[in-house]
Amino acid sequence: MKKMKKKVSIVTLLALSASLYSQVKVSKDTISKNKETVVLDEVVLSSNILGSKFQVKNRTGSAYYLSPQDLKQFGYTDINKVLRAVPGISLYEEEGFGLRPNISLRGTSPERSSKITIMEDGVLIAPAPYSAPAAYYFPTMGRMGSIEVLKGSSQIQYGPYTTGGAINLVSKQIPKSLSGDVQFTYGSFNSRNTEATIGDSGENFGFVAQYYNYNSDGFKSIDGGGNTGFDKTDYVGKFRLNTNFDAKIFQALTFKIQYSEESSNETYLGLTQEDFDANPYRRYIASAADRLDTEHSQFQVNHLIKPTQNITIKTTAYSNKFKRNWYKLDDIKITNSGVSIANVLDNPTQFPDEYLAVTGAVNTADDVFGVKANNREYEAKGIQTVANFIFGDKVLSDLEIGLRYHEDFEDRFQWKDKYAIQNKEMIRTTVADKGSDANRIANAKALAAHILYKVTFDKLTLTPGLRYENMTLGRIDYGKNDYSRIGVDLKTRENKVDVFIPGIGANYRFSNQLSLFGGVHKGFAPPGNTEGTNPEKSINIELGGRFDFNGLKGELVGYYNDYDNLIGSDLAASGGTGSLDQFNAGKALVKGIELILNYNMLQNTTSKLRLPLTLTYTLTDAKFQSNFDSEIDIYGAVNYGDQIPYIAKNQFNFTAALENSIFNISLSGRYTDSFRTQSGTGAIPEEFKIGNNFVVDVAARYYYTSRITLFTNILNVFDTTYEVARLPAGLRPGAPFMVNAGVAFSF
Numbered sequence: 000m001k002k003m004k005k006k007v008s009i010v011t012l013l014a015l016s017a018s019l020y021s022q023v024k025v026s027k028d029t030i031s032k033n034k035e036t037v038v039l040d041e042v043v044l045s046s047n048i049l050g051s052k053f054q055v056k057n058r059t060g061s062a063y064y065l066s067p068q069d070l071k072q073f074g075y076t077d078i079n080k081v082l083r084a085v086p087g088i089s090l091y092e093e094e095g096f097g098l099r100p101n102i103s104l105r106g107t108s109p110e111r112s113s114k115i116t117i118m119e120d121g122v123l124i125a126p127a128p129y130s131a132p133a134a135y136y137f138p139t140m141g142r143m144g145s146i147e148v149l150k151g152s153s154q155i156q157y158g159p160y161t162t163g164g165a166i167n168l169v170s171k172q173i174p175k176s177l178s179g180d181v182q183f184t185y186g187s188f189n190s191r192n193t194e195a196t197i198g199d200s201g202e203n204f205g206f207v208a209q210y211y212n213y214n215s216d217g218f219k220s221i222d223g224g225g226n227t228g229f230d231k232t233d234y235v236g237k238f239r240l241n242t243n244f245d246a247k248i249f250q251a252l253t254f255k256i257q258y259s260e261e262s263s264n265e266t267y268l269g270l271t272q273e274d275f276d277a278n279p280y281r282r283y284i285a286s287a288a289d290r291l292d293t294e295h296s297q298f299q300v301n302h303l304i305k306p307t308q309n310i311t312i313k314t315t316a317y318s319n320k321f322k323r324n325w326y327k328l329d330d331i332k333i334t335n336s337g338v339s340i341a342n343v344l345d346n347p348t349q350f351p352d353e354y355l356a357v358t359g360a361v362n363t364a365d366d367v368f369g370v371k372a373n374n375r376e377y378e379a380k381g382i383q384t385v386a387n388f389i390f391g392d393k394v395l396s397d398l399e400i401g402l403r404y405h406e407d408f409e410d411r412f413q414w415k416d417k418y419a420i421q422n423k424e425m426i427r428t429t430v431a432d433k434g435s436d437a438n439r440i441a442n443a444k445a446l447a448a449h450i451l452y453k454v455t456f457d458k459l460t461l462t463p464g465l466r467y468e469n470m471t472l473g474r475i476d477y478g479k480n481d482y483s484r485i486g487v488d489l490k491t492r493e494n495k496v497d498v499f500i501p502g503i504g505a506n507y508r509f510s511n512q513l514s515l516f517g518g519v520h521k522g523f524a525p526p527g528n529t530e531g532t533n534p535e536k537s538i539n540i541e542l543g544g545r546f547d548f549n550g551l552k553g554e555l556v557g558y559y560n561d562y563d564n565l566i567g568s569d570l571a572a573s574g575g576t577g578s579l580d581q582f583n584a585g586k587a588l589v590k591g592i593e594l595i596l597n598y599n600m601l602q603n604t605t606s607k608l609r610l611p612l613t614l615t616y617t618l619t620d621a622k623f624q625s626n627f628d629s630e631i632d633i634y635g636a637v638n639y640g641d642q643i644p645y646i647a648k649n650q651f652n653f654t655a656a657l658e659n660s661i662f663n664i665s666l667s668g669r670y671t672d673s674f675r676t677q678s679g680t681g682a683i684p685e686e687f688k689i690g691n692n693f694v695v696d697v698a699a700r701y702y703y704t705s706r707i708t709l710f711t712n713i714l715n716v717f718d719t720t721y722e723v724a725r726l727p728a729g730l731r732p733g734a735p736f737m738v739n740a741g742v743a744f745s746f
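Position one of the sequence shown corresponds to residue 0 (numbering that gives the first Met the number 0), numbered consecutively onward.
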């Protein structure tokens with residue numbers, strides 16, 4: 000009932016915005032075709048960092064921009080498939096739909112995307128980016144308008160994670176005039192996608208409202224039957240008020256609200272190697288009770304003021320709240336001591352009784368299965384402001400000064416119920432007291448500031464910058480018996496960090512066809528609240544060039560990240576206990592090459608057809624440079640020279656399209672090299688290996704009229720069976736052959 004009330008209130012609010020707008024008298028003449036429209040687009044509507052591919056070409060560091068047209072080409076709703084096209088990104092899938100991605104930028108640890116800065120509309124979007132950065136919430140890919148990826152010295156403004164890079168997901172923007180679209184897609188496994196967007200702008204007012212639902216029955220089959228899919232719904236509204244464009248001091252105030260809810264029948268339980276080989280899409284009956292329920296809300300107030308034509312100040316106050324309860328199988332206790340599900344699936348011959356119990360091959364006694372309610376609440380809130388001062392004539396200067404105060408927390412109130420299997424059915428036999436498994440709060444307060452000076456001397460652009468982070472990371476543990484949180488057995492701990500993060504980038508333009516860029520900056524990641532854990536620090540260097548020779552456009556970059564102290568995290572998703580405690584993992588070295596090539600095969604013909612080709616390649620060599628022992632499964636006993644796990648050495652992606660103003664047919668192929676699931680060197684043992692794979696997708700769009708578009712995509716055309724991870728517990732498959740088709744109406 001609580002969810003239903005929230006849903007109704009959001010729908011009512013979106014409907015009210017449209018109704019309110021219909022009562023506002025506006026003048027279209029002011030914003031139609033004049034110079035002020037450009038101002039509106041650039042400084043009021045935009046929440047981009049890059050905003051265009053042109054901006055990417057002129058940066059002093061590596062960056063990548065996925066435009067609205069790029070996102071529409073294949074119609075992907077899975078962020079993993081979208082980001083495969085970006086050089087420098089490594090990732091591994093989990094449930095096959097991209098709901099909880101594991102993203103690495105330039106060799107950072109990919110687990111739960113916890114070592115990169117993730118933003119939506121320029122604001123930190125992880126549930127608790129300082130105190131608990133594991134991204135169990137990720138913005139819905141399908142409702143995004145564009146995506147920006149910043150690497151190297153390009154992302155020093157966007158901490159706290161500055162080693163690998165930053166990703167900014169840009170939601171649908173307020174349009175310049177009345178417009179909207181309605182889209183419906185249906186596909187394999189009863190997958191459905193419904194989207195509706197409407198927006199408009201007047202002289203002093205603008206809005207956009209969006210509804211997005213994505214659901215599927217899932218492609219796995221539970222022994223004994225059951226749904227393995229999900230249902231996720233988003234509501235987004237933006238409302239803008241602004242002064243006249245001829246006002247002496249231009250100002251704009253924009254409100255953004257977002258609410259989403261998700262129910263997923265998802266599990267941590269994978270398969271043994273033998274069972275995967277027999278049927279990779281099987282799910283054991285012991286996972287039948289597993290379910291994830293989440294709610295996410297976001298509120299932002301953005302203020303922009305231009306005291307003069309050369310000064311812009313943008314200020315954003317934000318609040319993000321996230322609740323989730325992942326009720327999932329955790330362990331099996333047949334003897335006196337319990338065994339984790341990861342150990343059972345990795346060693347079924349060592350734990351034969353536990354394996355038979357998981358598969359439902361035998362009836363069990365009461366209380367054999369521990370199903371944990373990973374019940375947590377998060378909040379992140381703060382205020383940030385960025386001021387830009389542009390000055391100079393022959394020597395053009397842009398001085399940016401930013402400041403952010405941020406607070407966040409993660410509240411764990413978890414319990415573990417007990418189950419048995421009788422006649423191939425999971426039956427709850429003991430209901431645990433809430434808070435009896437974990438009852439604690441992790442929190443953070445952080446002050447961040449940065450200054451970046453961009454100066455251009457003819458063909459040379461320099462961007463020296465400095466970032467400052469001051470944070471206090473703490474934890475309050477009430478113990479497993481103080482359910483009311485009176486404080487009878489209270490334990491606290493605190494870790495403080497104070498760091499300066501310098502960097503400098505340069506770009507030299509030899510001609511319109513050739514430029515050289517490079518930079519060096521300090522990499523940093525917060526250490527967590529465990530006292531004595533040091534922050535992650537590195538020195539990062541990149542050197543690259545951009546070129547355009549006879550229509551062959553591209554970028555080639557080499558990078559070198561030297562870690563003085565790599566940090567590991569105790570995540571259940573990576574085979575740990577799930578405490579989220581971080582630990583010092585010693586020295587490491589990550590180096591690599593990134594390449595992107597673009598060419599239109601029909602550019603020198605008179606044909607109205609286009610045949611654009613794009614190829615991206617990523618080489619990542621990630622190795623430890625010191626010895627240490629870890630109880631986390633993916634590390635184990637680490638020696639100097641061992642490969643860092645879950646990072647593929649070679650990856651490439653190509654796309655080809657045949658298109659004109661009436662249709663588009665696109666082909667995409669992506670290759671991922673085999674990689675280790677545990678640190679080591681030399682040939683990869685089969686039990687620690689994810690094999691290489693090559694997956695092909697096809698998409699087509701037919702513009703039936705200027706308002707109606709028919710589209711389809713075929714994912715995994717050759718129905719390739721491939722492994723994606725041995726995490727969190729056991730082998731997991733990539734998505735199989737899928738077909739989706741739909742229709743879109745725009746106005």
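Cβ atoms here follow ideal geometry from the backbone N, Cα and C, with glycine treated the same way.
Keep in mind that this is a model prediction, so the values were computed, not measured.
Cβ distance (whole Å) where S745 is taken to contact D180 below 8 Å: Residue numbering aside, residue 745 sits at position 746 when the sequence shown is read from its first letter. Residue numbering aside, residue 180 sits at position 181 when the sequence shown is read from its first letter. Between S745 and D180 a beta carbon distance of about 4 Å is seen, short of the 8 Å cut, so the two are scored as contacting.
6 Å Cβ shell around D720 - same chain, five flanking residues per side excluded: Residue 720 sits at position 721 when you count from the first residue of the sequence shown. The sequence shown places Thr at residue 720, rather than the Asp named in the question. Taking T720 as the centre and dropping the five residues before and after it, the same chain places the C-beta of P279 closer than 6 Å to its C-beta, in chain order.
Beta strand (DSSP E) runs wholly inside the region 207–247, at least 3 long, in chain order: Within the region 207–247, the complete beta strand (DSSP E) runs of at least 3 residues fall at 229–241.
Alpha-carbon to alpha-carbon, K490 and N167: Mapped onto the sequence shown, residue 167 falls at position 168. Mapped onto the sequence shown, residue 490 falls at position 491. N167 and K490: Cα-Cα distance of roughly 37 Å.
Cβ neighbour criterion (16 or more within 10 Å) applied to I595: Locating residue 595 in the sequence shown gives position 596, counting from the first residue. I595 comes out buried.
Proximal residues to P526 (C-beta, below 8 Å), its chain only, five neighbours per side dropped: Counted from its first residue, the sequence shown places residue 526 at position 527. Hits under 8 Å: L472, N494, V496, T532, N533, P534, E535, I566 and Q581.
Top-ranked residue by Cα proximity to A419, from L601, T455, G141 and E353: Start at 1 with the first residue of the sequence shown, and residue 419 comes out as number 420. Comparing Cα positions, the closest option is E353.
Proximity of G585 and F623 at Cβ, strictly below 8 Å: Reading the sequence shown from its first residue, position 586 is the one you call residue 585. Reading the sequence shown from its first residue, position 624 is the one you call residue 623. Yes. Within cutoff.
Nearest residue (CA-CA) to H295, options K688, T384, N101 and D233: The residue labelled residue 295 in the question sits at position 296 within the sequence shown. For the residues K688, T384, N101 and D233, the minimum Cα distance to H295 belongs to D233.
Neighbourhood of D292 by C-beta distance below 6 Å, restricted to the same chain and skipping five residues each side: Position 293 of the sequence shown, counted from the first residue, corresponds to residue 292. Closer than 6 Å at the Cβ level, and outside the excluded window around D292, lie S262 and N324.
Helix, strand or coil at D40 according to DSSP, with G and I counted as helix: As a working note, residue 40 is residue 41 in the sequence shown. Note that D40 scores a pLDDT of 47, beneath 50, so its modelled location is shaky and nothing firm can be said.
Sequence-distant residues of the same chain with beta carbon closer than 7 Å to V122, five excluded per side: Along the sequence shown, read from residue 1 onward, the residue named residue 122 stands at position 123. Q299, T315 and Y317.
Beta-ladder partner(s) of T708, from DSSP: By 1-based counting over the sequence shown, the position of residue 708 is 709. In DSSP, T708 forms a bridge with Y702 and A743.
Backbone CA spacing between K552 and I592 [nearest angstrom]: Along the sequence shown, one-based indexing puts residue 552 at 553. Along the sequence shown, one-based indexing puts residue 592 at 593. Answer to the nearest angstrom: the Cα atoms are 17 Å apart.
Proximity of I78 and M140 at Cβ, strictly below 8 Å: Mapped onto the sequence shown, residue 78 falls at position 79. Mapped onto the sequence shown, residue 140 falls at position 141. Yes, they are a contact pair.
Assumed close pair A360, I331 - CB separation to whole angstroms, cut-off 8 Å: Residue mapping note: residue 360 aligns to position 361 of the sequence shown, counting from 1. Residue mapping note: residue 331 aligns to position 332 of the sequence shown, counting from 1. A360 to I331, Cβ: 13 Å. No contact.
DSSP state of E424 mapped onto helix, strand, coil: What you label residue 424 is simply residue 425 of the sequence shown in a count that begins at 1. Of the three classes helix, strand and coil, the one that applies to E424 here is coil, per DSSP.
Assigned exposure category for F717 - 16 Cβ within 10 Å defines buried: Position 718 of the sequence shown, counting from 1, holds the residue named residue 717. Its Cβ having fewer than 16 others within 10 Å, F717 is exposed.
Same chain, Cβ closer than 8 Å to K52, neighbours up to 5 away in sequence not counted: The residue you call residue 52 lines up with position 53 of the sequence shown. Cβ-Cβ distances below 8 Å link K52 to Y64 and S66 in the same chain, with the five nearest sequence neighbours on each side left out; the list follows chain order.
Pair within 8 Å by beta-carbon distance, L610 and L657: Counting from one through the sequence shown, the residue named residue 610 turns up at place 611. Counting from one through the sequence shown, the residue named residue 657 turns up at place 658. With contacts defined as CB atoms closer than 8 Å, L610 and L657 qualify as a contacting pair.
Meets three-Cβ-pair contact criterion under 8 Å: the region 169–183 and the region 727–740: In this structure the region 169–183 does not touch the region 727–740; the number of beta carbon pairs closer than 8 Å is below three.
Endpoints, beta strand (DSSP E) assigned at D563: Within the sequence shown, residue 563 is the residue found at index 564, counting from 1. Residues L551 to N564.
Nearest-angstrom Cβ-Cβ length linking A127 and A437, presumed shorter than 8 Å: Locating residue 127 in the sequence shown gives position 128, counting from the first residue. Locating residue 437 in the sequence shown gives position 438, counting from the first residue. By a beta-carbon distance limit of 8 Å, A127 does not contact A437. Their separation comes to about 15 Å.
Minimum C-alpha distance to Y210 - residue among I221, A195, F218 and S220: Working through the sequence shown from its first residue, we reach residue 210 at position 211. Answer by Cα proximity: A195.
Within 8 Å, strictly: CB atoms of Q172 and G201: The residue you call residue 172 lines up with position 173 of the sequence shown. The residue you call residue 201 lines up with position 202 of the sequence shown. Between Q172 and G201, the C-beta spacing is not below 8 Å.
Sub-8 Å separation of Q650 and T671 beta-carbons: Stepping through the sequence shown from its first residue, residue 650 is reached at position 651. Stepping through the sequence shown from its first residue, residue 671 is reached at position 672. At the C-beta level, Q650 and T671 come within 8 Å of one another.
Per-residue DSSP class, three states only, for M737: On the sequence shown, position 738 is the one that residue 737 refers to. The answer is strand: DSSP assigns M737 an E or B state.
Proximity below 8 Å, CB of N528 to CB of A441: Your numbering for residue 528 matches position 529 in the sequence shown. Your numbering for residue 441 matches position 442 in the sequence shown. Yes, Cβ-Cβ distance for N528 and A441 is below 8 Å.
Inside the region 301–363 only - alpha helix (DSSP H) runs reaching at least 4 residues: List check, alpha helix (DSSP H) in window: 340–345 and 351–358.
Three-way DSSP call (helix, strand, coil) for P732 in this model: Within the sequence shown, residue 732 is the residue found at index 733, counting from 1. For P732, the secondary structure class from DSSP, reduced to helix, strand or coil, is strand.
CA-to-CA distance, Q602 to G550, given in whole angstroms: In the sequence shown, the residue the question calls residue 550 occupies position 551. In the sequence shown, the residue the question calls residue 602 occupies position 603. Using only the alpha carbons, I get a separation of about 8 Å.
Per DSSP, the bridge partner or partners of M118: Here residue 118 is taken as the residue at index 119 of the sequence shown, counted from 1. Its beta-bridge partners are L123 and N167.
Check whether G74 and N469 have beta carbons under 8 Å apart: Counting from one through the sequence shown, the residue named residue 74 turns up at place 75. Counting from one through the sequence shown, the residue named residue 469 turns up at place 470. Contact annotation: G74 and N469 have beta-carbon atoms that are not nearer than 8 Å.
Cutoff 7 Å; reference F627; Cβ partners in own chain excluding five residues on either side: As a first step, residue 627 must be located in the sequence shown, where it is residue number 628. Cβ-Cβ distances below 7 Å link F627 to A584, G585 and V637 in the same chain, with the five nearest sequence neighbours on each side left out; the list follows chain order.
Supposed close pair Y185, A740 - CB separation, criterion 8 Å: Within the sequence shown, numbered from 1, the residue matching residue 185 stands at position 186. Within the sequence shown, numbered from 1, the residue matching residue 740 stands at position 741. Going by Cβ atoms, the distance from Y185 to A740 rounds to 7 Å, so yes, they are a contact pair.
Given M600 as reference, the closest of I631, D416, T654 and V235 once Cα atoms are compared: Against the sequence shown, residue 600 aligns to sequence position 601. Nearest C-alpha to M600: T654.
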